[in-house]
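In what follows, a structure is listed as structure tokens, so that the remarks can point back to it.
In the numbering used here, the protein residues as written are 224 to 631.
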């Protein structure tokens, strides 16, 4: 499975068309760079499929906007049939072009109505029934054609980013301890319960009495509940072993409470992207592939699927059009990472079943606006969001063709 990935709020636009409700991001970013138009994929999705075909993709990962199919979000709230039709038409067209739809149910865009009704994910007893009803709607309407699903994209990043943006003013003295607890959520907090049936010892040590408690039935339901290990990977940093305090950079603290640096022995680990992320370190990708295989996927005999991987060169938004097309740094990144992935399969015997480049399009990068550009396609916002393939897309086309031929 080789292709590209996107997310609804970052590309669709049409934020209030055809019955769609608002998301928390429509409200929070309304006076900043926002997704009101984004890449206009709500209207230009056929062009996106042509790009996927041109790039040799056999898979497309995209997300469903909760508020497009259920504008008010709740389990008893009405369905927006126009929104359902949009995704149904997209799925049908993908299949007609021999492209497998790989659908993310939730990529961070909480319906604003739920946030206003009861504070969204801050109220788990209320959000869960509504989320279950929304997920059931997706399965009922699209499940006859969609067989690959992702439940929640990057839950640890969603927690960090929402807490520092549209939820920043929600904290009260009563919730101070909760803010401290949710400030440190490494990705293993989610992987270990699913694949090992427990929380990491480091998390238990850090959270102490605040460690979440599950019943035996809940642990039984969680353990082994994933068909594959979905992995979003971008770059590598060096852990120094120094523990960060809560007064340090909150973004770094949220990634694991241990100081991380971008150099070793006085030398940079690799080429650094816009705003320090990501750092191009192919050997770090290979090392973590081995770790995930040994710790999680090999015991369960399931594959790894790279569900996001990409690079954003520094100041690409200010480069000339020709330099943006050539995007040599992104080409170097993909060449190095895909080489390590294929060698992990061939030499290490690791089951890696797919790779999805982030992203198909230059799009809205959340709080960074349109400055950080991960796309393998230029979007010209001055000319109706016209698309222009970058050279990295052609590189991916050739590598994907080779990989797909080897896997058949």
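Each residue gets a CB set at the ideal place from its N, CA and C atoms; glycine is no exception.
Inter-residue Cα distance where the pair is residue i and residue j
i           : j           : result
residue 559 : residue 503 : 9 Å
residue 605 : residue 233 : 17 Å
residue 241 : residue 334 : 16 Å
residue 445 : residue 611 : 43 Å
residue 570 : residue 526 : 16 Å
residue 521 : residue 228 : 25 Å
residue 402 : residue 621 : Model confidence at residue 402 stands at a pLDDT of 43, short of 50, so the residue's coordinates are unreliable and nothing is read from them.
residue 438 : residue 428 : 20 Å
residue 327 : residue 359 : 13 Å
residue 316 : residue 598 : 22 Å
residue 614 : residue 585 : 14 Å
residue 372 : residue 491 : 37 Å
residue 255 : residue 590 : 9 Å
residue 425 : residue 630 : 39 Å
residue 290 : residue 488 : 49 Å
residue 405 : residue 625 : In this prediction, residue 405 scores a pLDDT of 46, lower than 50, which makes its location untrustworthy; the coordinate-derived value is nonetheless stated afterwards. Approximately 43 Å between the Cα atoms of the pair.
residue 508 : residue 495 : 15 Å
residue 618 : residue 279 : 10 Å
residue 386 : residue 519 : 29 Å
residue 310 : residue 505 : 35 Å
residue 305 : residue 314 : 14 Å
residue 236 : residue 383 : 24 Å
residue 637 : residue 263 : Only positions 224 to 631 of the chain appear in the structure, and residue 637 is not among them; the question remains open.
residue 510 : residue 547 : 31 Å
residue 517 : residue 573 : 9 Å
residue 607 : residue 257 : 16 Å
residue 455 : residue 532 : 6 Å
residue 346 : residue 409 : 21 Å
residue 567 : residue 484 : 26 Å
residue 364 : residue 303 : 12 Å
residue 563 : residue 623 : 14 Å
residue 600 : residue 561 : 19 Å
residue 440 : residue 367 : 29 Å
residue 400 : residue 301 : Unreliable positioning characterises residue 400 in this predicted model, as indicated by a pLDDT of 42, which lies under 50. A coordinate reading is not provided.
residue 459 : residue 534 : 12 Å
residue 430 : residue 411 : 14 Å
residue 392 : residue 259 : 24 Å
residue 268 : residue 436 : 43 Å
residue 243 : residue 592 : 22 Å
Neighbourhood of residue i by C-beta, 6 Å cutoff - its chain only, sequence neighbours within 5 removed
i           : result
residue 578 : 225, 529
residue 249 : 238
residue 265 : 235, 236, 237
residue 381 : 331
residue 245 : 335
Proximity below 7 Å, CB of residue i to CB of residue j
i           : j           : result
residue 361 : residue 287 : yes
residue 463 : residue 482 : yes
residue 247 : residue 341 : no
residue 536 : residue 552 : yes
residue 274 : residue 336 : no
residue 357 : residue 293 : yes
residue 603 : residue 596 : no
residue 298 : residue 352 : yes
residue 457 : residue 501 : yes
residue 594 : residue 540 : yes
residue 369 : residue 324 : yes
residue 587 : residue 261 : yes
Neighbourhood of residue i by C-beta, 7 Å cutoff - its chain only, sequence neighbours within 5 removed
i           : result
residue 415 : 421, 422, 423
residue 442 : 420
residue 447 : 523
residue 320 : 272, 276
residue 450 : 525
8 Å Cβ shell around residue i - same chain, five flanking residues per side excluded
i           : result
residue 538 : 497
residue 413 : 378, 379
residue 452 : 414, 418, 515, 519, 520, 525, 526, 527, 528
residue 627 : 225, 279, 281
residue 231 : 285, 286, 287, 288, 291, 330, 332
residue 486 : 461, 492
residue 350 : 337, 341, 343, 344
residue 499 : 485
residue 322 : 226, 272, 275, 276, 280, 281, 282, 283
residue 616 : 274, 277, 278, 599, 600
Closer than 7 Å to chain D by CB, residue i
i           : result
residue 292 : Of the chains in the structure shown, none is chain D; there is only one protein chain.
4-residue-minimum alpha helix (DSSP H) runs that sit fully inside the stretch 473–554, ordered along the chain: 473–477, 505–515, 544–549
Cβ contact (3+ pairs, closer than 8 Å) linking the stretch 372–379 and the stretch 578–597: no
Minimum length 4: unbroken alpha helix (DSSP H) runs contained in the stretch 275–360: 289–292, 304–319, 335–341
Any beta strand (DSSP E) of 3 or more consecutive residues that is wholly inside the stretch 361–392: 371–375
Beta strand (DSSP E) segments (min. 3 residues) lying fully within the stretch 549–596: 575–581
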